[in-house]
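If you read the protein sequences in the order shown, they are chains H and X.
The end of the first sequence is residue 112 by the working numbering, with every number in the run present.
The end of the second sequence is residue 1116 by the working numbering, with every number in the run present.
Ideal Cβ positions, reconstructed from N, Cα and C, are used throughout, including at glycine.
Below: one structure, written as structure tokens.
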Amino acid sequence: EAQVTQNPRYLITVTGKKLTVTCSQNMNHEYMSWYRQDPGLGLRQIYYSMNVEVTDKGDVPEGYKVSRKEKRNFPLILESPSPNQTSLYFCASRGRNQETQYFGPGTRLLVL
Amino acid sequence: AQKVTQAQTEISVVEKEDVTLDCVYETRDTTYYLFWYKQPPSGELVFLIRRNSFDEQNEISGRYSWNFQKSTSSFNFTITASQVVDSAVYFCALGGMDTGRRALTFGSGTRLQVQP
Chain H
1 EAQVTQNPRY LITVTGKKLT VTCSQNMNHE YMSWYRQDPG LGLRQIYYSM
51 NVEVTDKGDV PEGYKVSRKE KRNFPLILES PSPNQTSLYF CASRGRNQET
101 QYFGPGTRLL VL
Chain X
1001 AQKVTQAQTE ISVVEKEDVT LDCVYETRDT TYYLFWYKQP PSGELVFLIR
1051 RNSFDEQNEI SGRYSWNFQK STSSFNFTIT ASQVVDSAVY FCALGGMDTG
1101 RRALTFGSGT RLQVQP
């Protein structure tokens, strides 16, 4: 089944404790992206990647890092999480000549 | 800059009523894409439809229909004979053709509650 997976689905952590949210897709998509969803704001793009080893900032990149060492994986790294990063995070992917992005199931993060 | 406005924050209807969710967008791109996604209470984002800016044909899929009007920059979504399972947050999104990034600009969402 074609899908985007994320782990963990739920995470509670404390300020300053580094964490990684993994994202993997099995559709051989070149493009992958991370969004965060906050009430009243919809979804906003954090980082995106056009292909392996090619990443760039989205609209709200501060406090986040990403890497794209393999085509299928695009982890989101929070080096020193803060409470304002409490949010619902979505990973998305799409193929080279496609316009529709397919989203993972989401990761709910609470930073205390 | 791109912008998507979903003015209806929350709508409540009774089952079998028809309901229309409004979406108004702003973009300077001449070619762009519009989307609707559904977010049920479980939280995932479910793709419903994509519409290209050069195709203004309306679309119907079962109880769902979409009305794209370039003249008013609107892409409204109608559910006919609503059901309880339609209860969700619905997002309208706009995809531009900027170099590479292809970020989707989302509206703030409309929460639809269908009462039995």
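Can you pull the chain H neighbours of residue i, defined as C-beta to C-beta under 9 angstroms?
i	result
GLU1044(X)	PHE90, PHE103, GLY104, PRO105, GLY106
Mapping DSSP to helix, strand and coil, what is residue i?
i	result
ASN97(H)	coil
LYS1070(X)	helix
ASN51(H)	strand
GLN85(H)	helix
ASP1086(X)	helix
LYS18(H)	coil
LEU41(H)	coil
MET32(H)	strand
LYS57(H)	strand
GLY1095(X)	strand
ASN7(H)	strand
GLN1008(X)	coil
Should residue i go down as buried or exposed, given a rule of 16 or more other Cβ atoms within 10 Å for buried?
i	result
GLY1095(X)	buried
VAL1114(X)	buried
PHE1035(X)	buried
GLN1057(X)	exposed
GLY16(H)	exposed
ILE1079(X)	buried
ALA2(H)	exposed
GLN1069(X)	exposed
TYR10(H)	exposed
GLY1107(X)	buried
SER82(H)	exposed
LEU109(H)	buried
GLY42(H)	buried
SER80(H)	exposed
ALA1103(X)	buried
Listing by chain order, which chain X residues have their CB less than 8 angstroms from the CB of residue i?
i	result
TYR31(H)	ARG1102
Return no unless some Cβ of chain H is closer than 8 angstroms to the Cβ of residue i.
i	result
GLY1095(X)	yes
TYR1033(X)	yes
GLY1062(X)	no
SER1108(X)	yes
PHE1047(X)	yes
Going along the chain, which residues of its own chain have a beta-carbon closer than 6 angstroms to the beta-carbon of residue i, five neighbours each way excluded?
i	result
ASN92(H)	Per the sequence shown, residue 92(H) should be read as Ala rather than Asn. Cβ neighbours of ALA92(H) beyond the five flanking positions: SER33, GLN101, PHE103.
GLU30(H)	ASN51, ARG96
Output needed for residue i: all residues of its chain with C-beta closer than 7 angstroms, excluding positions within five of it in sequence on either side, in chain order.
i	result
ARG72(H)	SER24, GLN25, ASN26
ASN1052(X)	TYR1033
ASP1086(X)	ILE1079, LEU1112, VAL1114
Would a check of beta-carbon distances place residue i closer than 8 angstroms to chain X?
i	result
TYR64(H)	no
GLY16(H)	no
Mind listing the chain H neighbours of residue i? Cutoff is C-beta to C-beta under 8 angstroms, in chain order.
i	result
PHE1091(X)	GLY42, LEU43
Once the 5 residues before and after residue i are set aside, which same chain residues still bring their CB inside 8 angstroms of it?
i	result
ASP56(H)	TYR47, TYR48, SER49, MET50
VAL52(H)	ARG68, LYS69, GLU70, LYS71
GLN1008(X)	LEU1021, ASP1022, THR1110
PHE1054(X)	THR1031
GLY106(H)	GLN6, ARG9, GLN37, LEU88, TYR89, PHE90
THR13(H)	LEU19, PRO81, LEU109, LEU110, VAL111, LEU112
SER1074(X)	ASP1022, CYS1023, VAL1024, TYR1025, ASN1067, PHE1068
GLN45(H)	SER33, TRP34, TYR35, GLY58, ASP59, VAL60
Show which residues of chain X have a CB atom less than 7 angstroms away from the CB atom of residue i.
i	result
GLU99(H)	TYR1033, ARG1050, GLY1095
At 9 angstroms on the CB atoms, spell out the chain X contacts of residue i, in chain order.
i	result
GLY95(H)	The premise fails here: GLY95(H) is roughly 11 angstroms from chain X at the closest Cβ pair, so nothing lies under 9 angstroms.
With a cut-off of 8 angstroms, does the C-beta of residue i fall near any C-beta of chain C?
i	result
ARG68(H)	In the structure shown, chain C cannot be found, because the protein chains are H and X.
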